[in-house]
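Engineer:
Residue numbers (this note's numbering): -3 to 193.
#1: Considering only the alpha carbon of each residue, which of 174, 113 and 70 lies closest to residue 145?
#2: Any beta carbon of chain B sitting closer than 8 Å to that of residue 156?
#3: Taking the C-alpha atoms as reference points, what is the distance between residue 31 and residue 79?
#4: Is it buried or exposed, residue 270, if we count other Cβ atoms within 10 angstroms and call 16 or more buried?
#5: Can you tell me which of the three DSSP states residue 88 falls into?
#6: In chain order, what residues of the same chain lie with their CB nearer than 6 Å to the CB of residue 138, ignoring the 5 residues before and after it?
#7: Span of the beta strand (DSSP E) holding residue 23?
#8: Can the beta-carbon of residue 179 be found less than 8 Å from the beta-carbon of residue 23?
#9: Output yes or no for whether 8 Å exceeds the beta carbon distance between residue 133 and residue 116.
#10: How about residue 101 and residue 72: do their beta carbons lie closer than 8 Å?
#11: At which residue ranges does the stretch 75 to 154 contain complete alpha helix (DSSP H) runs of 4 or more residues, listed in the order of the chain?
#12: Could you give the residue range of the beta strand (DSSP E) that holds residue 17?
#13: Just list the residues that DSSP pairs residue 157 with in beta bridges.
#14: On a Cα-Cα basis, can you pick out the residue from 12, 28 and 60 that is closest to residue 181?
#15: Output the distance between the C-alpha atoms of residue 40 and residue 96, rounded to the nearest integer angstrom.
#16: Do residue 130 and residue 120 count as a contact pair if the criterion is CB distance below 8 Å?
#17: Over what stretch of residues does the alpha helix (DSSP H) that includes residue 176 continue unbroken?
#18: Is the beta carbon of residue 143 less than 8 Å from the beta carbon of residue 154?
#19: If you reduce the DSSP assignment to three classes, tell me which class residue 56 lands in.
#20: Given a cut-off of 8 Å, decide if residue 88 and residue 160 are closer than it, judged by their beta-carbon atoms.
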């Protein structure tokens, strides 16, 4: 049986079996993230995508950060939940050097993130342009991708990852340990996650 593949004009073909998802949300492999970033036509949208990816923040949280820039102290992002009954009322989002740079560029841009639907359509368009399948893409993709990379790359830092991401139960992250990443993925993750603390 021949694998189902996606081909674009530059000749790149992705095997559909290469797609990773969890609960109908796409989790990108490092090569997919790189191809996607390289296919985003405007710098301002690259900045937004990278801020979402490198922070691992929820879409609405990064949107709110734009209007509350004092939350970012140059090293971490201090988030206070707007929900009165939140189980984690506040947290510090840990960033590596790439994350700090991405967040700074996002905050220096003219506009915050677009609405959720527009972002979803942008992701699908850019992914198709990159020669990747757009299946299961959503604004949650960057957050789930970042969480899974951190857990897979830094299994000894689960408690710190857990706190930074704002999860109240360790079981919320345990599924990431069993994702089908391979040796190539781990090697390529390094350029994204290195220096995260």
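Every residue, glycine too, gets a C-beta built ideally from N, C-alpha and C.
Structural biologist: Taking the structure as given:
#1: 174
#2: Any reference to chain B falls outside this structure, which holds one protein chain only.
#3: 36 Å
#4: There is simply no residue 270 to check, as the chain begins at -3 and stops at 193 in what is shown.
#5: strand
#6: 48 and 49
#7: 21 to 23
#8: no
#9: yes
#10: no
#11: 93 to 104, 112 to 125 and 137 to 149
#12: 16 to 18
#13: Bridge partners of residue 157: none, in fact.
#14: 28
#15: 16 Å
#16: yes
#17: No alpha helix (DSSP H) contains residue 176, which DSSP labels as neither H nor E.
#18: no
#19: helix
#20: yes
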